[in-house]
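Last residue of the sequence shown? That's 316 in numbering that gives the first Met the number 0, and every number before it is there in order. Worksheet: one structure, shown below.
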Amino acid sequence: MTRRAPWASVNRPSIPSTWTTTVPKELVHRAAVAEVMLTDWERQDDTHFTVTAQWPRSHSFFIPVHGTHHDPLMAVETFRQVGALLGHAEFGVPFGHQFLMRDLSIAVRPEQLVVGSAPASIDIEVTCTDVRRRGSRLAGLRYEAVLRRDGELAATAAASYTCIAPTVYERLRGDRTLSGEQRRLPLTAPAAPQSVGRVSPMDVVLSPTDRPDRWFLRADTRHPVLFDHPVDHVPGMVLLEAARQAASAVLGDSAFLPVGMDSTFERYAELDAPCVIEARTLPCDALPEGTTAVVVTGHQNGSPVFSSTVSAAPHAV
């Protein structure tokens, strides 16, 4: 017997086509609907798509910089979700396959990140290149995007990822998969939040060492945003947040606004081994006038995990 909600038989007005909803959370690898940034997408041709998104005026983790600018890492998360969405919805990647991010770069325009009197509506033009298939299945691709807000350029981004079937992933990861024994390091003490550009200790992903340019990665798997769902390794967004926090620390600016990130990922960051984060500033004569940049690296068990160059315009905010 089919049960109907009490209001199911009531005559109701039709829903306007302009009403906004989020895309299904499963398409962007989120467990919480509240963490879905994307609202719709449309196919233009085999490699070109338009996607829409909405940025809230405030967020529990992507806190506005200085209270005035949308967090650039919210743009990064939006762009990450675009790759997952198109992989599943347009290129047929089955659910349960893993997406391995190889590289990701983004550049933002601070003047288009100013928090307004309403949530920011974002239009995203996406071009997919280097589309690789293994038989009929997508093996990986590169995608580039232009993000616009009210018709004005807000950011550009590019990334590439590889798709891995469950059986292959299990061979690669061995007993580290979620079906195996889960090993975790004890949670270490956070760096002082203000020293890494955060407000809450819960959001700090670095633990201090005896050097001001070196930390241990702090992966709190209880974090409701960074660890939105169970995983068997440290998510890439945690590594990018570590890069942002390390850059903030070495620049001595707790509220700087990153205008660019250029990152590569070498291997999985494991949850059961220390990951050392180091940061160094680049010489000013190698950068555009008024710009500073910090190279942040992560190493685990003596091997490189990731590298990210974080650039900032000190007077952007």
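All residues carry an ideal CB built from backbone N, CA and C; glycine is no exception.
- With distances taken between CA atoms, PHE61 lies nearest to GLY196 out of HIS298, PRO93, GLY196 and TYR267.
- Pairing PRO229 with ALA241, the inter-Cα distance amounts to about 19 Å.
- Annotation for VAL249: ASP212, ALA278, THR280 and VAL293 place their beta carbon closer than 7 Å to its own, counting only its chain and skipping 5 residues before and after.
- Here VAL113 carries a strand assignment [DSSP, helix/strand/coil].
- With a contact defined as Cβ atoms closer than 8 Å, HIS232 and GLU269 qualify at about 6 Å.
- Shown here, MET73 sits in a helix according to DSSP, grouped into three states.
- Taken in chain order, the complete beta strand (DSSP E) segments of 3 residues or longer contained in the region 145-175 are 151-163.
- Relative to the Cα of LEU238, the nearest Cα in the group PRO223, ARG217 and ALA153 belongs to ARG217.
- In the structure shown, the three-state DSSP call for ASP284 is helix.
- Here SER310 carries a strand assignment [DSSP, helix/strand/coil].
- Residues THR126, CYS127, THR128 and VAL130 of the same chain have their beta carbon placed closer than 8 Å to that of THR46, with the five preceding and five following residues left out of the count.
- Within the region 196-275, the beta strand (DSSP E) runs of at least 3 residues that lie entirely inside it are, in chain order, 205-207, 213-216 and 257-264.
- Sequence-distant partners of PRO273 (beyond 5 residues in either direction) whose C-beta falls short of 8 Å from its own C-beta, in its chain, are LEU184, PHE215, LEU216 and GLN299.
- The distance from the Cβ of ALA156 to that of ARG147 is about 12 Å, inconsistent with a contact at the 8 Å cut-off.
- If you look at GLN97, you'll find it in the beta strand (DSSP E) that goes 97-107.
- For ARG79, the secondary structure class from DSSP, reduced to helix, strand or coil, is helix.
- Remark: C-beta atoms of PRO207 and PRO200 do not approach each other more closely than 8 Å.
- HIS28 sits in coil when the DSSP states are folded into three classes, being neither helix nor strand.
- Rounded to the nearest whole angstrom, the CA to CA distance from PHE90 to GLY82 is 10 Å.
- When secondary structure is reduced to three states using DSSP, GLN193 falls in the helix class.
- Counting the other CB atoms within 10 Å of its CB gives ALA117 a total below 16, which places it among the exposed residues.
- Excluding residues up to 5 positions away in sequence, VAL35, LEU37, GLN80, ALA83 and LEU84 lie with their Cβ nearer than 7 Å to the Cβ of VAL27 in the same chain.
- For the 8 Å CB-CB criterion, VAL304 and PRO257 do not form a contact.
- Contact annotation, VAL75 with ILE121: C-beta distance approximately 13 Å; criterion of less than 8 Å not satisfied.
- A Cβ-Cβ distance of about 6 Å is found for the pair ARG266 and SER302, placing them in contact under the 8 Å criterion.
- By the 16-neighbour rule on beta-carbons within 10 angstroms, PRO282 is exposed.
- Assigned with DSSP and collapsed to three states, ALA33 falls in helix.
- The residue from LEU177, TYR160 and ALA164 with its alpha-carbon nearest to that of PHE78 is TYR160.
- Close CB contacts of ASP227 within its chain, under the 7 Å cut and outside five residues either way in sequence, are with ARG29, ALA30, ALA31 and GLU34 (chain order).
- According to the DSSP assignment, GLN43 belongs to no beta strand (DSSP E), since it is labelled neither H nor E.
- Proximity to ALA311 across PRO71, THR20, ASP44 and HIS58 peaks at PRO71, based on C-alpha coordinates.
- ARG141 has THR128 and SER159 as its beta-bridge partners, per DSSP.
- Sequence-distant Cβ neighbours of ALA245 in its own chain, meaning closer than 6 Å and more than five residues away, are ILE276, ALA278 and VAL295.
- Secondary structure of HIS87 (DSSP, three-state): helix.
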